[in-house]
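**Q**
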Amino acid sequence: MSPTPAETRGPLVAAMLICAIGLPLSIAALIQLAEPAGWDGVVPWIGALALTLHLAGFLCVWFPRVGFGLGALLMLALAVAGDLGSSSAALLPSAVTFLLLQWQLASTQPRPTALTGLGVGLLGALVITAVDAITYEQRDLMLLAFEATALAAVVGAAWFWGRSAQRRRAAALSAQQAQIRQAIAAERTRISRDLHDVVSHSLTVMIAQSEAARVLAGDRETAQALGRVAQTGRSALQGLRGMLRVLEEDPEAPPAGTQPVPGLDALADLVAAASSPEHRLSYRQTGQVRELTPEAELALYRAAQEALTNAVRHLRPPLSARVELAWGVDQVRLTITDDGGAGPREEPGAGTGLLAMAERVRQAGGHLEVQRGDGWSIRVTLPTGAGT
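Counting from 540, one number per residue, gives the positions in the sequence shown under the working numbering.
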């Protein structure tokens, strides 16, 4: 899977900074030490290796394994290419790029690959120390031990920070996924409550009409049949309420069916209630009104409610928004657009409102489109015609 722009931004900036600082310092060191060291002919090769190492730093942003492998080979080449009079060419300022390669490999790759990279880095520290020990025979043993320890420590620190970054990303992703699952589950529970309100209202009307017809029935058999219809409706209503209690999120919440269920006829009132001198909201309905399923009608109302709430809550006034309900032959389309207001408020959002809206629309048989420009545009399309 290719890394996202957010995931590449940090390593890319680090590679640019290391190149901007490390490469000039390395070139300056090579120029300064070329004549005293007596290896003028090797200087261009050392410089080319350092430059290629920086290129590997950029390559690792998108291809961590390839970049790390190339960087390890370049560090080995620098270690054996020559000395700077007092230390290995592998200790030029440009060598800091290898720490970026180590960090990127540890932060993006599975644990076995990351451990392999750590092993390569620690082995490289030993190789550099061994080359220094051979090149500078008079060097003190304690100094060589310190060099090996310091190199291993910085390689290990880069690896550890990389693994820590990967754990933090994994924890953040897990928390986000849990939040999404919770939002969808909560929205499904709210949908079940709304549907209960619709069904219980219909059953109540059916029971009342059956009872009235039973009283007016001219013969006993008809009256008994209508009585059985009314009793069946009561049993269905009781079972529905019992099932809802099992699914209830909040046991302290008022029982379903006690609040009126909003419908499309309440959209104009919804827009008017959210309007103010600083929130210029308008509502328009076009086309011939057609029959909708209760689920679709609720989905449209809740979508408008959520979109307007988000606009008023998260955008600074003055704000303009339009709610348009367009009826077609076989579908209805609700569009809510805003102009972005004076900009977003500095308030963190959970980011699950649109997910819940999409879940509700999906369960009603429609689809949701969201576009963002200067402001937000939310479009809900649902089929018309009540199910049989």
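Think of the CB as a built atom: it goes at the ideal place given N, C-alpha and C, for glycine as much as any other residue.
1) Helix, strand or coil: which one does DSSP assign to A881?
2) Taking the alpha carbon of L613 as the point to measure from, which residue in T874, A595 and S774 has its own alpha carbon closest?
3) Using CA coordinates, which residue listed in D671, V754 and S646 is at the minimum distance from R706?
4) Quickly, what does DSSP pair V600 with across the bridge? List them, please.
5) Could you pull out every unbroken alpha helix (DSSP H) segment of at least 4 residues lying fully inside the segment 604-685, listed in chain order?
6) What does a CB cutoff of less than 8 Å around A775 pick up in its chain, not counting 5 residues either side in sequence?
7) Can you find at least 3 beta carbon pairs, one from the segment 697-704 and one from the segment 872-884, that sit closer than 8 Å?
8) Return helix, strand or coil for T923, following the three-state DSSP convention.
9) Using CA coordinates, which residue listed in T655, F597, R841 and A664 is at the minimum distance from A629?
10) Hey, would you say R841 sits closer than 9 Å to R899, going by beta carbons?
11) Since S565 and A589 should fall inside the 8 Å C-beta cutoff, what is the C-beta to C-beta distance between them, to a whole number of angstroms?
12) Classify H593 as buried or exposed, calling it buried when 16 or more other Cβ atoms lie within 10 Å of its own Cβ.
13) Look at the alpha carbon of L907 and the alpha carbon of A897, and state the distance between them as a whole number of angstroms.
14) Under 9 Å, do P883 and R855 count as touching if we go by C-beta distance?
15) What are the residues that DSSP puts in a beta bridge with E863?
16) Which of the three DSSP states is assigned to L893 in this structure?
17) Enumerate in chain order the residues of its own chain whose CB-to-CB distance from W642 is below 7 Å, with the five nearest sequence positions on each side excluded.
18) Can you tell which of I560, F637 and A567 has its C-alpha closest to the C-alpha of C599?
19) Buried or exposed: which applies to A860, given that a residue is buried once 16 or more other Cβ atoms fall within 10 Å of its Cβ?
20) Rounding to the nearest angstrom, what Cα-Cα distance links A843 and A881 in this structure?
21) How big is the Cα-Cα spacing for G608 and A850?
22) Quick one: what does DSSP say L854 is sitting in, helix, strand or coil?
23) What residue range does the beta strand (DSSP E) around L806 cover?
24) Do G904 and W866 have their C-beta atoms within less than 9 Å of each other?
25) In the DSSP assignment, what residue or residues form a beta bridge with V909?
26) Using the Cα positions of M681 and A669, report the straight-line distance between them to the nearest angstrom.
27) With distances taken from CA atoms, which of C558, L847, L657 and D869 is nearest H818?
28) Have a look at S916, V909, A553 and Q902 and flag the residue whose alpha-carbon is nearest the alpha-carbon of T728.
29) Just to confirm before moving on: does the CB-CB distance between V828 and V862 stay below 9 Å?
30) From A709 to P649, what does the alpha carbon distance come to, in whole angstroms?
31) Just the C-alpha distance for A724 and Q910, rounded to the nearest angstrom, thanks.
32) Can you find the residues in the same chain that come closer than 6 Å, C-beta to C-beta, to G606, ignoring five residues on each side of it along the sequence?
33) Roughly how many angstroms separate the alpha carbons of V582 and I560, rounded to a whole number?
34) Pick out whichever of E726, L921, Q716 and A689 has its Cα sitting closest to the Cα of E830.
35) One question on the structure: do L617 and I585 come within less than 9 Å of each other, judged by their Cβ atoms?
**A** Short version:
1) Here A881 carries a coil assignment [DSSP, helix/strand/coil].
2) Per the Cα distances, A595.
3) Looking from the CA of R706, the closest CA among D671, V754 and S646 belongs to S646.
4) DSSP, once it has assigned bridges, lists no residue as partnering V600.
5) Qualifying alpha helix (DSSP H) stretches, in chain order: 635-647 and 650-674.
6) So the list reads L742, once near-sequence residues are dropped.
7) Contact between the segment 697-704 and the segment 872-884 is absent, because fewer than three Cβ pairs lie under 8 Å.
8) Here T923 sits in coil by DSSP.
9) Residue A664 is the option with its Cα nearest to A629.
10) Yes.
11) Sure, about 5 Å apart at Cβ, within 8 Å.
12) By the beta-carbon neighbour count (other beta carbons within 10 angstroms, threshold 16), H593 is buried.
13) Distance from the CA of L907 to the CA of A897, rounded to the nearest whole angstrom, comes to 6 Å.
14) With contacts defined as CB atoms closer than 9 Å, P883 and R855 qualify as a contacting pair.
15) Answer is R823 and T874, bridged to E863.
16) When DSSP states are grouped into helix, strand and coil, L893 belongs to the helix group.
17) Closer than 7 Å at the Cβ level, and outside the excluded window around W642, lie A697, W700 and G701.
18) Minimum Cα-Cα distance from C599 among the listed residues I560, F637 and A567 corresponds to F637.
19) Per the 10 Å Cβ criterion, buried.
20) In a straight line, the C-alpha of A843 is about 21 Å away from that of A881.
21) Taking the straight line from one Cα to the other gives about 50 Å.
22) Strand.
23) Element bounds for L806: not the beta strand (DSSP E) but the alpha helix (DSSP H), L806 to A813.
24) G904 is not a Cβ neighbour of W866, given a cutoff of 9 Å.
25) The partner list for V909 (beta bridge, DSSP) reads I917.
26) When rounded, the distance between both Cα atoms is 13 Å.
27) Residue nearest to H818 within the set C558, L847, L657 and D869 is L847 (criterion: CA-CA distance).
28) Comparing C-alpha distances from T728 to each of S916, V909, A553 and Q902 shows the shortest one belongs to Q902.
29) Not closer than 9 Å, so no.
30) A709 and P649: Cα-Cα distance of roughly 12 Å.
31) Near 25 Å, if we compare the C-alpha coordinates of Q910 and A724.
32) A595, L598, C599 and L640.
33) If you take the alpha carbons of V582 and I560, they lie about 19 Å apart.
34) Per the Cα distances, L921.
35) Going by C-beta atoms, L617 is nearer than 9 Å to I585.
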